[in-house]
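Chemist: Take the sequence shown: its position 5, counting from 1, is numbered 6 in the working numbering, and each next residue is one higher.
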Amino acid sequence: MISLTRTERFGILFVVGSLLLGQAVALYKKTAEVSYRYRASDSQALAQASQARAAAERRALKARLVRARIDPNTASLEELDVLPGIGPELAGRIIEYRAGEQFLQVEDLLKVKGIGPKKLEGIKKYLKVGTQ
Numbered sequence: 002m003i004s005l006t007r008t009e010r011f012g013i014l015f016v017v018g019s020l021l022l023g024q025a026v027a028l029y030k031k032t033a034e035v036s037y038r039y040r041a042s043d044s045q046a047l048a049q050a051s052q053a054r055a056a057a058e059r060r061a062l063k064a065r066l067v068r069a070r071i072d073p074n075t076a077s078l079e080e081l082d083v084l085p086g087i088g089p090e091l092a093g094r095i096i097e098y099r100a101g102e103q104f105l106q107v108e109d110l111l112k113v114k115g116i117g118p119k120k121l122e123g124i125k126k127y128l129k130v131g132t133q
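1. Would you identify the three-state DSSP class for Ser47, choosing helix, strand or coil?
2. What residue from Gln103, Leu14, Gln106, Lys112 has the CA that sits closest to Leu91's CA?
3. Among the residues of its own chain, which have a CB less than 6 Å from the CB of Tyr98, if the five just before and after it don't count?
4. Would Leu128 be called buried (16 or more neighbouring beta carbons within 10 Å of its own) or exposed?
5. Should Val83 be labelled buried (16 or more other beta-carbon atoms within 10 Å of its own) or exposed?
6. So Gly86 and Gly123 are supposed to be a Cβ contact under 8 Å. How far apart are they, rounded?
7. Using the Cβ count rule (16 or more neighbours within 10 Å means buried), how would you classify Phe15?
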């Protein structure tokens, strides 16, 4: 067996202790780190929350903007888009329809594809045709 002096044993003990302490500190730092990386599911959840918030803001904006009655025969795409339940696509269909035939009464909007009795009932209070 190898015989070490007291100083040598102390030196070896000091080096081993230092290595163990260094490993303990590194492990502590690693566990105490805050990870700012997003997982794919986090990104999807953030995107869904953002879309839901945008849809809610759009509905609130529509509710605030619809104050006066508008004439579907003269309203712009933006004015029609503000009506609740009417998006840009349906507003475009209204404009296409009126290019060929004017609306004589609000109920004539039922002739536009995508507008049924329930939708018409929801927007009727915001519309007027001519001098109604």
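Yeah, the Cβ is synthetic: ideal placement off N, Cα and C, and Gly gets one too.
Modeler: Working from what's here:
1. Going by the sequence as given, residue 47 is Leu instead of Ser. Three-state result, Leu47: helix.
2. Lys112
3. These residues qualify, in order along the chain: Val113.
4. buried
5. Under this definition Val83 is a buried residue.
6. 5 Å
7. exposed
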